[in-house]
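Numbering (my numbering), first residue to last: 359 to 884.
From the three backbone atoms N, C-alpha and C, an ideal C-beta is built for every residue, glycine too.
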Amino acid sequence: MSNFEEFALSRRVQQAIDDMGFEEPSPIQAACIPLILEGRDVIGQAQTGTGKTAAFGIPIVEAATTEPRVQALVLTPTRELAIQVAGEFRKIAKYKRVRTLPIYGGQSIGHQIRGLQQGVQVVIGTPGRVLDHIRRGTLKLGQVRTVVLDEADEMLDMGFIEDIEAILRETPVERQTLLFSATFPPEVRRLASRYMRDPEHVTINRGEMTVPLTEQVYYRVLERNKLESLCRIIDSEEIALGIIFCRTKRGVDELAEALLARGYLVDALHGDLSQAQRDRVMKRFRNGDIELLVATDVAARGLDIDNVTHVVNYDMPQHPESYVHRIGRTGRAGRRGLAITLVTPREFKLLKQIQRETKAAMVSREVPSLADVAERQAEIWRDRIIEAIQDGGLGHYRAMLGNIFDEHDPIDVACAALKLAAAGEMQGYEDSDYDFGDTGATPGMVRFFVNVGRASRISPADLVRAISDESGVPRQAIGKIDIFDRFTFIEVEEESAPFVYEALRQSRINGARVNLEPAKPRSRVR
Ligand code: ADP
Ligand code: MG
359 MSNFEEFALS RRVQQAIDDM GFEEPSPIQA ACIPLILEGR DVIGQAQTGT GKTAAFGIPI
419 VEAATTEPRV QALVLTPTRE LAIQVAGEFR KIAKYKRVRT LPIYGGQSIG HQIRGLQQGV
479 QVVIGTPGRV LDHIRRGTLK LGQVRTVVLD EADEMLDMGF IEDIEAILRE TPVERQTLLF
539 SATFPPEVRR LASRYMRDPE HVTINRGEMT VPLTEQVYYR VLERNKLESL CRIIDSEEIA
599 LGIIFCRTKR GVDELAEALL ARGYLVDALH GDLSQAQRDR VMKRFRNGDI ELLVATDVAA
659 RGLDIDNVTH VVNYDMPQHP ESYVHRIGRT GRAGRRGLAI TLVTPREFKL LKQIQRETKA
719 AMVSREVPSL ADVAERQAEI WRDRIIEAIQ DGGLGHYRAM LGNIFDEHDP IDVACAALKL
779 AAAGEMQGYE DSDYDFGDTG ATPGMVRFFV NVGRASRISP ADLVRAISDE SGVPRQAIGK
839 IDIFDRFTFI EVEEESAPFV YEALRQSRIN GARVNLEPAK PRSRVR
């Protein structure tokens with residue numbers, strides 16, 4: 359099994375990766391990082407959620423110097439992705455003076471211009487806004503070493519090809535070009551052959567695997583109340599001995615702590631523990647002193663225990679092999695086991711890929727109700743705050759606030775403090791809240807605009823079927839459909855909306871290219 363140390367990264371970058379809690383490179387990272395470090399052009403093809411960002415982020419940060427010029431440009435299809443990618447870069451560059459700036463439409467251009475003037479080494483942006491800055495002369499790409507086309511298939515589907523080509527023309531011909539994509543349709547192939555030099559094509563293998571005869575279920579959850587969803591699920595199961603998988607060492611520690619705080623019998627297992635610590639944890643697990651073991655893939659690999667009743671994928675496995683490995687921990691020796699997977703909107707496509715490649719029969723189950731879960735989580739925080747007030751001893755914190763109230767509303771201050779405190783438990787992306795705004799929908803629903811209608815020979819029944827198949831939401835979650843010649847409005851229950859949005863914002867129905875987006879309130883037809 360490979361290890362990040364094998365890439366012989368500088369101490370600063372290696373340390374940052376350790377801090378992120380990554381134990382070992384994902385397959386796409388293991389294959390791409392050495393090639394990118396060598397300076398090769400690389401095409402990286404792997405499903406969403408497989409770690410493509412760090413696959414290019416690590417070598418780019420490694421190669422970056424502190425010289426104040428744009429050295430790398432990453433193009434992403436959406437604002438959300440630009441923010442996410444920038445966040446990941448910032449973590450990788452934690453100990454290096456390499457500055458990252460996301461630039462995207464919708465944010466004040468003046469703010470971005472000031473950011474760019476401060477000397478940025480890595481720019482991450484959406485094609486339209488990047489081009490806008492180039493034309494204003496506020497972004498100069500003449501010294502760029504590396505250009506990344508992230509989610510290339512999606513960018514092309516969104517019609518960005520001309521913008522991308524115009525941007526590439528502004529960069530040096532001897533640049534390194536990296537292209538990442540979940541799929542490799544002809545348009546992407548064309549782009550690669552025109553703009554890349556002898557690229558190495560890395561595909562994460564899709565060999566077929568068989569999964570043990572374990573019952574498999576999945577729950578659709580939102581990132582921000584994943585922990586609460588997990589608790590609900592655990593409470594509804596008779597778990598004698600369970601293993602909960604997280605992606606990172608940090609994730610393991612945080613989740614184990616959060617579960618302990620809620621009174622579960624838990625311990626944590628990951629690669630940073632000494633052999634003696636591991637032995638102690640394992641002994642407690644075998645003796646039944648703990649009922650749940652939170653672990654990383656690496657740590658669990660060597661485990662030899664055969665009375666595990668439940669395997670829970672708190673974080674999705676990053677590839678089908680890992681799914682197979684994980685769930686192989688239960689249902690051994692003829693015993694019945696249950697494998698539970700939590701899937702967030704962005705990960706749904708990865709789940710479908712795993713299902714396809716492993717031919718796993720995963721059945722969807724509903725968490726008590728995401729709204730219930732969210733309210734329960736809020737309740738817990740309110741209780742904790744009240745408890746802290748009753749416990750007293752707040753003088754020190756009062757002093758820390760200084761004269762903040764002279765200029766800020768006390769309620770804003772309380773909200774901001776809570777945001778900081780709760781952030782650790784609401785891991786995940788800044789955009790994971792999915793605020794669709796006012797879409798002109800019936801209360802409790804979100805209304806989407808879809809660019810296909812009767813002219814594409816699509817009936818409401820086709821749409822309902824396609825939406826339900828692609829996003830995993832039950833058909834009953836889909837409400838009113840107003841179909842027109844060239845477009846359709848569809849209402850979806852609020853808690854299913856993020857899944858519908860992620861699965862269908864760029865997709866195909868009956869071969870027709872589909873674009874789905876939140877509807878504008880004024881487009882309501884009466
Ligand atoms: P993709 O771009 O392929 O959709 P991301 O780069 O967004 O995937 O990665 C998905 C998640 O996996 C992120 O939360 C990221 O921090 C995490 N991740 C990436 N690489 C690793 C790794 N080697 N070990 C653990 N977690 C990882
Ligand atoms: Mg990505």
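Using 10 angstroms around the beta-carbon of Ile401, count the other beta-carbons present and answer buried if the total reaches 16, otherwise exposed.
Position 43 of the sequence shown, counted from the start, is the residue given in the question as residue 401. Buried: at least 16 other Cβ atoms inside 10 Å.
Whose C-alpha, out of Phe518, Arg527, Leu514, is nearest the C-alpha of Phe542?
Numbered from its first residue, the sequence shown carries residue 542 at position 184. Comparing Cα positions, the closest option is Leu514.
Which residue's Cα is closest to the Cα of Arg437: Gly483, Arg608, Gln864, Lys449?
Translated into the one-based positions of the sequence shown, residue 437 becomes position 79. Taking only the C-alpha atoms, the option nearest Arg437 is Gly483.
Taking contact to mean 3 or more Cβ pairs, one atom from each stretch, closer than 8 angstroms, check whether the region 837-844 and the region 761-773 are in contact.
no
Contact test: Phe538 Cβ vs the ligand MG heavy atom, cutoff 8 angstroms:
Within the sequence shown, numbered from 1, the residue matching residue 538 stands at position 180. Yes - the ligand MG has a heavy atom lying nearer than 8 angstroms to the Cβ of Phe538.
Using a Cβ-based criterion (distance less than 8 angstroms to any ligand heavy atom), does Ser551 qualify as near the ligand ADP?
As a working note, residue 551 is residue 193 in the sequence shown. Every heavy atom of the ligand ADP is 8 angstroms or more from the Cβ of Ser551, so no.
Report all residues from its chain with a CB closer than 6 angstroms to the CB of Tyr787; omit the five preceding and five following residues, and keep chain order.
Walking along the sequence shown from the start, residue 787 turns up at place 429. Note that Tyr787 has pLDDT 38, beneath the 50 cutoff, so the model's placement of it is unreliable and no number is given.
In or out: Gln475 buried (at least 16 other Cβ within 10 Å) or exposed?
Here the question's residue 475 lines up with position 117 in the sequence shown. Gln475 comes out exposed.
Residue burial classification, Arg694 (beta-carbon count within 10 angstroms, cutoff 16):
One-based indexing of the sequence shown puts residue 694 at position 336. Counting other Cβ atoms within 10 Å of its Cβ, Arg694 stays below 16 and is therefore classed as exposed.
Assigned secondary structure, Phe847 (DSSP; H/G/I helix, E/B strand, else coil)
If you number the sequence shown from 1, residue 847 lands on position 489. In this structure, Phe847 counts as strand in the three-state DSSP scheme.
For Phe538, three-class secondary structure by DSSP
Taking the sequence shown and counting its residues from 1, the one referred to as residue 538 is at position 180. Looking at Phe538 - three-state DSSP - the assignment turns out to be strand.
Does at least one heavy atom of the ligand ADP sit under 8 angstroms from the Cβ of Ser384?
Translated into the one-based positions of the sequence shown, residue 384 becomes position 26. True, at least one ligand heavy atom lies under 8 angstroms from that Cβ.
What is the rounded straight-line gap between the Cα of Gly463 and the Cα of Lys410?
Reading the sequence shown from its first residue, position 105 is the one you call residue 463. Reading the sequence shown from its first residue, position 52 is the one you call residue 410. When rounded, the distance between both Cα atoms is 23 angstroms.
Rounded C-beta distance between Val872 and Arg866? I'm assuming under 8 angstroms.
Here residue 872 is taken as the residue at index 514 of the sequence shown, counted from 1. Here residue 866 is taken as the residue at index 508 of the sequence shown, counted from 1. Going by Cβ atoms, the distance from Val872 to Arg866 rounds to 6 angstroms, so yes, they are a contact pair.
Using CA atoms only, rank isn't needed, just tell me which of Gln633, Asp630, Arg642, Tyr577 is closest to Gly600.
On the sequence shown, position 242 is the one that residue 600 refers to. Comparing Cα positions, the closest option is Arg642.
Flag this pair as yes or no: are the beta carbons of Val419 and Val488 separated by less than 9 angstroms?
Position 61 of the sequence shown holds residue 419. Position 130 of the sequence shown holds residue 488. No, Cβ-Cβ distance for Val419 and Val488 is not below 9 angstroms.
Going by C-alpha to C-alpha distance, which of Leu752, Asp521, Val666, Arg472 sits closest to Arg493?
As a working mapping, residue 493 is identified with position 135 in the sequence shown. Considering only alpha carbons, the answer is Asp521.
Option in Asp556, Phe447, Ala619, Thr423 with minimal Cα separation from Glu586:
Within the sequence shown, the letter at position 228 stands for residue 586. Of the listed residues, the one whose Cα sits closest to Glu586 is Ala619.
Quick check: Asp556 and Asp399, are their CB atoms within less than 9 angstroms of each other?
Taking the first residue of the sequence shown as 1, we reach residue 556 at position 198. Taking the first residue of the sequence shown as 1, we reach residue 399 at position 41. Yes, the pair counts as a contact, with Cβ atoms nearer than the cut-off.
Hey, would you say the C-beta of Leu459 is under 8 angstroms away from at least one heavy atom of the ligand MG?
Within the sequence shown, numbered from 1, the residue matching residue 459 stands at position 101. No, the ligand MG has no heavy atom inside 8 angstroms of this Cβ.
Tell me which residues share the same chain as Pro417 and place their Cβ nearer than 7 angstroms to its Cβ, disregarding the 5 neighbours each side in the sequence.
Taking the sequence shown and counting its residues from 1, the one referred to as residue 417 is at position 59. Taken in chain order, the residues that qualify are Ile391, Ile394, Leu395.
Taking buried to mean at least 16 other C-beta atoms within 10 Å of its own C-beta, is Gly802 buried or exposed?
Counted from its first residue, the sequence shown places residue 802 at position 444. Flag for Gly802 reads exposed.
Report yes or no: do the region 529-542 and the region 574-581 share at least 3 C-beta pairs separated by less than 8 angstroms?
At 8 angstroms Cβ cutoff, the stretches do not touch.
Comparing alpha-carbon positions, which option in Asp376, Leu497, Ser551 lies nearest Lys452?
Counting from one through the sequence shown, the residue named residue 452 turns up at place 94. The option with the nearest alpha carbon to Lys452 is Asp376.
Rounded to a whole number of angstroms, what is the C-alpha to C-alpha distance between Phe447 and Pro678?
On the sequence shown, position 89 is the one that residue 447 refers to. On the sequence shown, position 320 is the one that residue 678 refers to. Taking the straight line from one Cα to the other gives about 26 angstroms.
Under a three-way DSSP split, which group does Asp889 fall into?
What is shown of the chain runs 359 to 884, which leaves residue 889 out entirely.
Exposed or buried, what is Met758 when buried is set at 16 or more other beta-carbons lying within 10 Å of its beta-carbon?
Indexing the sequence shown from 1 puts residue 758 at position 400. Met758 should be labelled exposed.
Where does the unbroken alpha helix (DSSP H) through Glu446 begin, and where does it stop?
Walking along the sequence shown from the start, residue 446 turns up at place 88. Per DSSP, Glu446 belongs to the alpha helix (DSSP H) from 437-450.
Going by CA-CA distance only, name the one from Ala374, Leu497, Thr424 that's closest to Lys449.
As a position in the sequence shown, residue 449 is number 91, starting the count at 1. Of Ala374, Leu497, Thr424, the residue nearest in Cα terms is Ala374.
Starting from Pro485, trace the alpha helix (DSSP H) both ways and give me its first and last residue.
On the sequence shown, position 127 is the one that residue 485 refers to. Its alpha helix (DSSP H) spans residues 485-494.
CA-CA distance, Gly750 and Lys777?
The sequence position of residue 750 within the sequence shown is 392, counting from 1. The sequence position of residue 777 within the sequence shown is 419, counting from 1. In a straight line, the C-alpha of Gly750 is about 21 angstroms away from that of Lys777.
With Glu573 as the anchor, note down where its beta strand (DSSP E) starts and where it stops.
Mapped onto the sequence shown, residue 573 falls at position 215. That run of the beta strand (DSSP E) goes 573-578.
Would the beta-carbon of Gln676 be found less than 8 angstroms away from any heavy atom of the ligand ADP?
Against the sequence shown, residue 676 aligns to sequence position 318. Yes.
Determine the extent of the beta strand (DSSP E) in which Gln429 is found, giving its start and end residues.
Position 71 of the sequence shown, counted from the start, is the residue given in the question as residue 429. Taken as a continuous stretch (DSSP letters only), Gln429 belongs to no beta strand (DSSP E), as it is neither H nor E.
Alpha carbon to alpha carbon, how far is Met516 from Ala510?
Here residue 516 corresponds to residue number 158 of the sequence shown, with the count starting at 1. Here residue 510 corresponds to residue number 152 of the sequence shown, with the count starting at 1. The straight-line gap from Cα to Cα measures roughly 10 angstroms.
Would you mind working out which of Val808, Phe845, Pro879, Asp820 sits nearest Arg863, comparing C-alpha positions?
Locating residue 863 in the sequence shown gives position 505, where the first residue counts as 1. Of the candidates Val808, Phe845, Pro879, Asp820, the one whose C-alpha sits nearest the C-alpha of Arg863 is Val808.
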